[in-house]
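Following our numbering, the numbering of the sequence shown begins with 2 at its first residue and continues without gaps.
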Amino acid sequence: MIFMKTFNSFLATEITKPIKKVYHYLFEYDEDRLSIYGQFCGKILAYLSYALLHRAYVLLTYQDGSTEIGQITKRLSADRFVLRSEDKKILKIVDLNDIFRVDLS
Numbered sequence: 002m003i004f005m006k007t008f009n010s011f012l013a014t015e016i017t018k019p020i021k022k023v024y025h026y027l028f029e030y031d032e033d034r035l036s037i038y039g040q041f042c043g044k045i046l047a048y049l050s051y052a053l054l055h056r057a058y059v060l061l062t063y064q065d066g067s068t069e070i071g072q073i074t075k076r077l078s079a080d081r082f083v084l085r086s087e088d089k090k091i092l093k094i095v096d097l098n099d100i101f102r103v104d105l106s
């Protein structure tokens, strides 16, 4: 009888573990990792400055939904940066106001 009770409780916990994992995956999330939320300009500026200083790769998401990966190589003004593409062939001037989100590598 005791064996059946422990087996049943063991079975119940083993069944609920995957359900808890699925619930956590679907309903609990980290808001900083969601791309539907934009970042405010101060945070974008801080990330771009960090990427410039440390030569880190960035993923830029623009207001229209397009994305680009590259390195920030130079700061032209208070709100303009030079982005070198990932293949190091294209240089592009990006404006702070056009950027929706910045993710660092």
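The C-beta atom is built at its ideal place from N, Cα and C for all residues, glycine as well.
All values reported here derive from a predicted model rather than from experimental measurement.
Mind checking whether residue i and residue j have CB atoms under 9 Å apart?
i	j	result
residue 93	residue 66	no
residue 82	residue 73	yes
residue 53	residue 85	no
By DSSP's criteria, residue i is part of a beta bridge. Which residues make up the other side?
i	result
residue 75	83
Exposed or buried, residue i, counting other C-beta atoms within 10 Å across all chains shown (16 or more means buried)?
i	result
residue 41	exposed
residue 102	buried
residue 49	buried
Can you tell me whether DSSP reads residue i as helix, strand or coil?
i	result
residue 90	coil
Among the candidates the options, whose CA atom is the shortest distance from the CA of residue i?
i	options	result
residue 39	57, 64, 76 and 80	64
residue 95	55, 105, 61 and 87	61
residue 69	44, 51 and 58	58
residue 78	86, 97, 55 and 89	97
Do we get a CB-CB distance below 9 Å when we pair residue i with the residues of chain B?
i	result
residue 46	You won't find chain B in this structure, because it holds only one protein chain.
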